[in-house]
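J.:
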Amino acid sequence: MKVTDIVNPANLVYKKNSVLNDLPMHYCPGCSHGVVHKLLGDIIEELDIQEQTIGVAPVGCAVFAYKYLDIDWQQAAHGRAPALATAIKRLLPDRYVFTYQGDGDLAAIGSAETLHACNRGENIVIIYINNGIYGMTGGQMAPTTLLGMKSTTSPKGRMYERDGNPLDMPKLLAGLDGVCYVTRQAVHTVGAVKKCRRAIKKAFEYSALNRGTSIVEVVSTCNSGWKLTPDGANKWMVENMFSQYPLGDIKDTIQTEKK
Amino acid sequence: MAKLVGSIKVDIQKCKGCDLCVVACPLDVITLSKDANTKGYNFAHMVNPDACTGCSACAEVCPEACITVYRVRV
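Protein chains in written order, with our numbering: chain L, 1 to 259; chain U, 1001 to 1074.
1) Do the region 184-204 of chain L and the region 1007-1015 of chain U meet, that is, are 3 or more Cβ pairs less than 8 Å apart?
2) Of the choices L/ALA108, L/ALA203 and L/GLN185, whose alpha-carbon is the least far from that of L/LEU247?
3) Quick one: which residues of the region 213-226 of chain L get their C-beta closer than 9 Å to a C-beta of chain U? List them in chain order.
4) Taking contact to mean at least 3 C-beta pairs separated by less than 8 Å, is the region 72-84 of chain L in contact with the region 23-37 of chain L?
5) CA-CA distance, L/ILE124 and U/VAL1047?
6) Under a three-way DSSP split, which group does U/TYR1041 fall into?
7) Given 8 Å as the limit, is there contact between the region 199-209 of chain L and the region 222-234 of chain L, that is, 3 or more CB pairs closer than that?
8) Taking the continuous beta strand (DSSP E) assigned at L/GLN75, which residues delimit it?
9) Classify L/THR183: buried if its beta carbon has 16 or more other beta carbons within 10 angstroms, exposed otherwise.
10) Can you check whether the C-beta of L/CYS228 is within less than 8 Å of a C-beta belonging to chain U?
11) I want to verify the contact list: residues of chain U whose CB lies under 8 Å from the CB of L/LEU12, in sequence order.
12) Does the beta-carbon of U/GLU1064 have 16 or more other beta-carbons within 10 angstroms, so that it is buried, or is it exposed?
13) Relative to chain L, which residues along the region 1014-1038 of chain U have a C-beta separation below 7 Å, given in chain order?
The following block contains the structure:
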């Protein structure tokens, strides 16, 4: 069979969703951000909520997220995305509001805003991209950096005595009554991407039920910051990140009630 | 038994040659081209098109969403 016979709209099985526009992304080759953007686009298209979705972009590599997904966006000050999302959701309660934040944004400078938004149980979705460093500014140590992990500000590796332990935000936030869904996913393999898509979809569906905050952490790579190849970074993540940040659901109030 | 025959189409100018689709492909259909696109990236292309079953593994992991997958049952 000729390739021209196969490449035909009738035989299409996978194509880029229509929410993601054609602009080339500024991310480094192999960056997990691209996959998560794609998943968000897939879900917004699948749930048919393009007109009702408002995203809040953070400060960090994903600061330009508003350029790639064709929905309404607001740009928050560093770490303040949950506070801004609170205001948007309260003023426009029929919208799907989500924040898209990195670990430097959510776990460091915005830890107070995140904690209080979750404690108030705001009906928003928080997408939390955790790659263990400040990727945009050149790979400095973040609260989520693993013990012994080298970064530009911890060249000999993170030490407990000096820098403390890695901060596991989802585990912390799962303890709050205002939070209804907490999960940790990754996007390094096909299976992981599919699981992550289901998790983000669930989070969006829960946010419409007005039951509290939904948090999806995506353990991801920063191959430029880690000084590895994209595939090497994925392998490093599997070997090192997953023992500190194990994948799976941490809290699912609505599912537990059903049982 | 019915056989699945697939094919992919890569948006060459959007591809950044990150190699993730090459690793994800279970049948070693894809490899990075020796040629580069206008940005200087060695884009992904099919080196072994007959083996493709259109499983979409490459497209799922592609961070640039630049792979379109087609499949027919023959």
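Just so it is clear, CB atoms sit at the ideal spot from N, CA and C, and this is done for glycine as well.
T.: Once the coordinates are examined:
1) Taking a cut-off of 8 Å for Cβ pairs, the region 184-204 of chain L and the region 1007-1015 of chain U do not touch, as fewer than three such pairs fall below it.
2) Here residue 247 of chain L corresponds to residue number 247 of the first sequence, with the count starting at 1. The option with the nearest alpha carbon to L/LEU247 is L/GLN185.
3) Residues passing the 9 Å Cβ filter: ASN223.
4) Output reads no: the region 23-37 of chain L does not touch the region 72-84 of chain L.
5) Start at 1 with the first residue of the first sequence, and residue 124 of chain L comes out as number 124. Start at 1 with the first residue of the second sequence, and residue 1047 of chain U comes out as number 47. Their Cα atoms are separated by approximately 45 Å.
6) Residue 1041 of chain U sits at position 41 when you count from the first residue of the second sequence. Coil at U/TYR1041, not helix or strand.
7) The region 199-209 of chain L vs the region 222-234 of chain L: no contact.
8) Along the first sequence, one-based indexing puts residue 75 of chain L at 75. Per DSSP, L/GLN75 belongs to the beta strand (DSSP E) from 72-75.
9) For the purposes of this step, residue 183 of chain L is taken as residue 183 along the first sequence, with counting starting at 1. Flag for L/THR183 reads buried.
10) Walking along the first sequence from the start, residue 228 of chain L turns up at place 228. At residue 228 of chain L the sequence reads Leu, which differs from the Cys that was named. Interface with chain U (8 Å Cβ-Cβ cutoff): L/LEU228 is excluded.
11) Start at 1 with the first residue of the first sequence, and residue 12 of chain L comes out as number 12. Correct list: THR1068, VAL1069 and TYR1070.
12) The residue given as residue 1064 of chain U occupies position 64 in the second sequence. Taking all protein chains in view, the Cβ of U/GLU1064 is crowded by 16 or more other Cβ atoms within 10 Å, so the residue is classified as buried.
13) Answer in chain order: LYS1014, LYS1016, GLY1017, CYS1018, ASP1019, LEU1020, VAL1023 and ALA1024.
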